[in-house]
Amino acid sequence: MKKQTELPEWMTQTEDYVPSRDKDSFQKKTSGQLLKLLARIRMQTVRRKEKEISAGISLLLLFVTVLLTVCAHGLRFPVTVLGLMIVLLAAFSGKDIRQILVETLTGVGFSMVFTLPAALLGNVYSMQVIATKTAVTVMAVAMLNHAVRWNKICASLSRCHLPDTFLFVFDMTVKYLVVLGRSCKELLDALTLRSVGKNPDKKRAAGGILAVTYLRSQRMAEETYLAMHCRGYDGTYRYYMKHKKNRWDLLPVGLLAAEIVLYIMEGAYL
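Numbering-wise (this note's numbering), the sequence shown opens with residue 76 and increments by one.
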């Protein structure tokens, strides 16, 4: 008669593993910020062409607006330009309006914090002037960012006789931000799925993601260099984009003319 083998008691017990809770706010916040960045760049590439404004006119308007606003000595001209820009803001979508206003209010808040000591000493007028000029400049930059695609901006800058190397680096930086951002998002998702229980060493995990991203960026840089070398890159970076004129180009042109006329009529340079 064969002797029966009995299993140990610990092997007959049912395993009921309940992992301890752990905070994953770092992973969620990082993933959220990456998704916002990628979504903003992606939305610029799919923006409808019939509502696209000329990048050259927009850059000229931005330069003139910032120059006249900074050179104005009074408060009337910046307030008038701010009112015109708020009216022009109605041409944007609701999501773009919300983002532009958030960026503008953030810049105004920082300027008011920096000028608060002067206001406490009785110089409130300087605080108002600086806050208004900050609102105009930040809103102008934000509106340009939401109205014109970044590749169209690069194409317009190439007509200003800027170095081709600078434009090439700027354009490739934006493109690789998207590629490396997607890579970081995939690594964060993999880390979240493999994290079971409590991870006491979160800094090491974050450092690993940064290290992998750095190695990938270094490899991509080498591959880009070899590819450009094989194609005979001679330092010339050209754009073959042509903007078709439409009725939306009249908005920056009208605002540019109105700013120049108001600046002369109100004597803001005096």
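Don't be surprised by glycine CBs; every beta carbon is placed ideally from N, CA and C.
For Glu-84, the uninterrupted alpha helix (DSSP H) run begins and ends at 84-87, by DSSP. By the Cβ neighbour-count rule, Lys-320 is exposed, with fewer than 16 other Cβ atoms within 10 Å of its own.
A straight-line Cα-Cα distance of about 7 Å links Leu-337 and Phe-152.
For Asp-309, the secondary structure class from DSSP, reduced to helix, strand or coil, is coil. With respect to the C-alpha of Thr-140, the residue from Met-340, Glu-341, Ala-333 having the closest C-alpha is Ala-333. Between the alpha carbons of Met-202 and Ala-215 lies a gap of roughly 20 Å. Counting C-beta pairs with one atom in each stretch, the stretch 204-213 and the stretch 232-242 have fewer than three that are closer than 8 Å, which means they do not touch. Taken atom to atom, the span from the alpha-carbon of Met-340 to that of Val-162 is near 21 Å.
A residue is called buried once 16 or more other Cβ atoms fall within 10 Å of its Cβ, and Arg-173, having fewer, is exposed. Taking a cut-off of 8 Å on C-beta distances, the stretch 220-229 does not touch the stretch 253-266, as fewer than three cross pairs fall below it. Closest in C-alpha terms to Val-244, from the list Ala-194, Ala-296, Arg-279, Val-211, comes Ala-296. Sequence-distant Cβ neighbours of Val-211 in its own chain, meaning closer than 6 Å and more than five residues away, are Thr-144, Pro-153, Val-156, Leu-157.
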